[in-house]
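Notes follow once the structure below has been shown.
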Amino acid sequence: MKFISKYRRHKFATPLLLLFALFGVGLTFSVASATQAPTTVDAAARSTLIAEGQQIFLKGCSSCHGLNGEGAAVGPSLIGVGAASVDFQVATGRMPMQDMSQQAMRKAPVYNEEEVAALAAYVASLAPGPRAYTNEEIKWERDGNTADGGELFRNNCAMCHNFAGQGGALTQGKYAPSVMGVEAKHIYEAMITGPQAMPVFSDKIITPQEKLSIIKWIKAAENEPNLGGAPLGRVGPVTEGLLVWTFGLGLLIAIAVWLTAKAR
Amino acid sequence: MTARERVAGTVANYVDERTGAAKWMRKNLQKVFPDHWSFMLGEIALYSFVILLLSGTFLSFWFDPSMQHVTYKGSYQPLKDVEMSAAYASALHISFDIRGGLLMRQIHHWAALIFMAAIVVHLMRVFFTGAFRKPREFNWILGIALLTLGIVEGFLGYSLPDDLLSGTGVRIAHAIIQSIPVVGTYLSFFAFGGAFPGYVFIPRIYIVHVLLIPGIFLALITVHLMLVWYQKHTQYPGPGRTEKNVVGYPLMPVYMAKAGGFFFIVFGITAFLGAVASINPIWLYGPYTPGQISAGSQPDWYMGWLDGLVRMAPPLETYLFGYTVSWNILLPGLIIPGIIFTGMALYPFIESWMTGDKREHHILDRPRNVPNRTALGVMSLTFMIVALINGGNDLIATHFDLTINQIMWFSRIGIIVLPPLAFVITKRICLSLQRADREAVLHGKETGRLVMLPHGEYIEVHEELSPEKKYALTQHEQPKAIALVVEDNQGVLNPKGFKAKLQARFSAANAENIAKPTASEIKEIESGHH
């Protein structure tokens, strides 16, 4: 160990030690905080899942989307939409559609979690596309920032979804739905896949970090108590005007009638 | 005389000896006002105005009308460290960090909505009963001025907090100013001190909102009420009520008690709304930035019709001599409202010209007895309501599963087709009601009681109206059409030509009534059968 003591006062010793220390800390941190590497699903199990998904697809989806997901007159092609689209559309109940209206609406899902996963695996096997997420992966509580999310929401989302995420009308009967009470992963998947009338917000336009902030703001708006009293739908002055003409003025006129009524 | 009465008497005497107020007070405190619920609608507006002054003063203690950039450090966490204007930050400060601030803000805003609604129903009462006729034409014009000012004042108040919604409204106002041909751009630069949004707009509209318009309001309301005082209140027809008297209760004590109590009721209802119902939650809207907008951005209801007109306007533009004329904004934003408000202000003169009636009127009309005017009023209301509905087209679309396009086309067609339809239907209903009145006077009320006479004939017993009721139903006079004079007896053409034709036409329409029962008809019935 003479080597160490010999160079211990060398002018590079301190910077070098610092470098080693930093490297050590970094290494420890990266090991400690490393997320579990995605478990490679056994190839056999995976192909079973795809086969199951195909069966569900043939029964429930192929009449509109074609036998191989190639699309048809009424349903678009699903090649390349990825597991994220399937997870969003099917797990929020939008697909299968209830009727051929302008837009699929959110309703109680038809398929359970396993079936959705199988369908997603099948559609993802057709061509690569954005993957599905789990709620645990979307760490909005830890990584999001509410105020930033509010800014981003007002810049990118409010023009369709309204200032408080209550939804709004689009042209020809299409609409932006309310974003209240939506699971975090579904909000995330909606942003990356752009379902129905919604545009895709790619990771270049809104970074994953910013997406988490948006989710955090939506959750904050969802849980925000109604500070001013009855929220009246949080849709702005229309309901306020309605209340003033019905309750406000209605009551005042009723009282005026009472005040001037002749005693009988 | 008790000790209390002695003290009161001494004080009153002291004041009277120095001011001579007793004579004036006795005269005015005994002034008689007729009693009817519809005469209290204007009072609602007056009391809301008082509430607005009081709550507005409270808000002005903390509101900072400045467009300086600040970073929010207040207690509302979702906006922590967000960049905003000082005006918005101070409105948040009032809402969250001032005791009772949010309640006061909400009372102020609800009072504004009630104020405008009360003005509109008051105007409807005055219109449909013909209370605007001579000698009250000027007071009618004052009323229209108050309505117009109220819309402007409300809009300025809506714009002051500088949240996303108010900024959107200001942006539209900016666009409407710019749509004025040739001078629009210059006017907008003048109003905003440069390009939109600039730094001067909020301070400017603040001083207009808290000083200029309230001052004008106060002056106009005073004159409005003094004219009511001086010209005496109108009254509904009835026995003992003539064009020369006023039947009712004295101001003191009956009206003092009623009106004073009513003030507290209005205040109570406004405060109740402010306490339980959220209005203009500015913290949810976020600060205004020109790059942002929210779905469902609407003005307050009294501007909703204007927004509805703009929303339904087809995309028309012409390019003339190097200038773009944006008819799609100019027409619904300025020209149509201009025509509506001018027409409204001039209506007393228009009607008096149409009917040729230049006499004073202190007895009100029952709306059915003037079918033309009533139909015209309903026609205008229909126009406004279609426009108002289109102002909320996006919310109607989402809440009733319709499409915006359907509603827009309904409004575009409806705003042309429905008002004339409303005119015809209303006029028919009025004439039917006149027929019903005539029937009731001549034959009484149907009792539904069938009686078999001794010789076997069945008759339904009709209950005769009381003489008072009969009087009320028949006291009005029915106008005669003005005869058209094409040429006089010398064979000289009428110099008024077209105007005379038009007047004859209008007055003929106005004179279209169901003949009311004449005295001889009533006498005949009374002496005759039953």
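Residue numbers (this note's numbering), protein chains in the order written: chain A, -10 to 253; chain B, 600 to 1129.
For glycine and all other residues, C-beta sits at the position ideal for the given N, C-alpha and C.
Model, not experiment: these values are computed from the prediction.
About 6 angstroms separates the beta carbons of B:I935 and B:L908, which is inside the 8 angstroms limit, making them a contact pair. Flagged as an interface residue toward chain B: A:P220, by a C-beta distance shorter than 8 angstroms. The shortest C-alpha to C-alpha distance from A:K205 to any of B:E959, B:V1085, B:P677 and B:R958 is the one to B:P677. B:L980 and B:T973 have their C-alpha atoms some 11 angstroms from each other. For A:A158, the three-state secondary structure derived from DSSP is strand. A residue is called buried once 16 or more other Cβ atoms fall within 10 Å of its Cβ, and B:P914, having fewer, is exposed. Rounded to whole angstroms, the gap between the alpha carbons of A:P98 and A:L238 is 44 angstroms.
Using a Cβ-Cβ cut-off of 8 angstroms, A:M187 does not count as an interface residue toward chain B, since no Cβ of chain B sits closer than that to its own. B:R1048: not part of any alpha helix (DSSP H); member of the beta strand (DSSP E) spanning K1044 to M1051, first to last residue.
Within chain B, the residues whose beta carbon sits less than 8 angstroms from that of A:Q161 are T1002, I1003 and N1004, listed in sequence order. Identification of residues in the region 854 to 866 of chain B having a C-beta nearer than 7 angstroms to some C-beta of chain A yields K857, F861, I864 and V865, given in sequence order.
For A:I244, the closest C-alpha among the options B:W900, B:Q834, B:M639 and B:W926 is that of B:M639. Listed as beta-bridge partners of B:P1018 by DSSP are no residues whatsoever. An exposed status is given to A:D88, since fewer than 16 other beta-carbon atoms sit within 10 Å of its beta-carbon. Here B:Q834 carries a strand assignment [DSSP, helix/strand/coil].
Burial is judged here by how many other beta carbons sit within 10 angstroms of a residue's own beta carbon; A:V233 has at least 16 and is buried. Residue state for A:A165 is assigned as strand, using DSSP reduced to three classes. Within a 10 Å sphere around the beta-carbon of B:Y671 sit 16 or more other beta-carbons, which makes this residue buried. Here A:N134 is buried: its Cβ has 16 or more other Cβ atoms, across all protein chains shown, within 10 Å.
In this structure, DSSP gives A:P188 a state outside helix and strand, which the three-state scheme calls coil. At least 8 angstroms separates the CB of B:A730 from every CB of chain A. Residues of the region 754 to 785 of chain B that bring their beta carbon within less than 7 angstroms of a beta carbon in chain A comprise L763 and L764, in sequence order. Using a Cβ-Cβ cut-off of 8 angstroms, B:Q891 counts as an interface residue toward chain A, since at least one Cβ of chain A sits closer than that to its own. When DSSP assignments are scanned along the region 195 to 248 of chain A, the uninterrupted stretches of alpha helix (DSSP H) that are 4 or more residues long and fall wholly within it turn out to be 197 to 212 and 226 to 232. Close CB contacts of B:E752 within its chain, under the 6 angstroms cut and outside five residues either way in sequence, are with I812 (chain order). Setting aside the 5 residues that flank it on each side, B:Q629 is surrounded in the same chain by P849, L850 and M851, each with a C-beta closer than 8 angstroms to its C-beta; the list follows chain order. Taking all protein chains in view, the Cβ of B:H1075 is crowded by 16 or more other Cβ atoms within 10 Å, so the residue is classified as buried.
DSSP places B:M683 inside the beta strand (DSSP E), whose first and last residues are E682 to S684.
With respect to A:G55, A:A116 sits apart: the two C-beta atoms are not nearer than 8 angstroms.
The three-state secondary structure of B:I1058, taken from DSSP, is strand. In this structure, DSSP gives A:T81 a state outside helix and strand, which the three-state scheme calls coil.
Its chain contains H707, A710, A711 and F714 as the residues whose beta carbon lies nearer than 7 angstroms to that of B:L651, once the 5 sequence neighbours on both sides are disregarded; these appear in chain order. Using beta-carbon distances, B:A794 does not count as an interface residue toward chain A, since no partner is under 8 angstroms.
Within chain B, the C-beta atoms nearer than 7 angstroms to that of A:P226 come from Q897, P898, D899 and W900, in chain order. The DSSP-derived three-state label of B:V846 is coil.
CA-CA distance, A:Q155 to B:R698, rounds to 30 angstroms.
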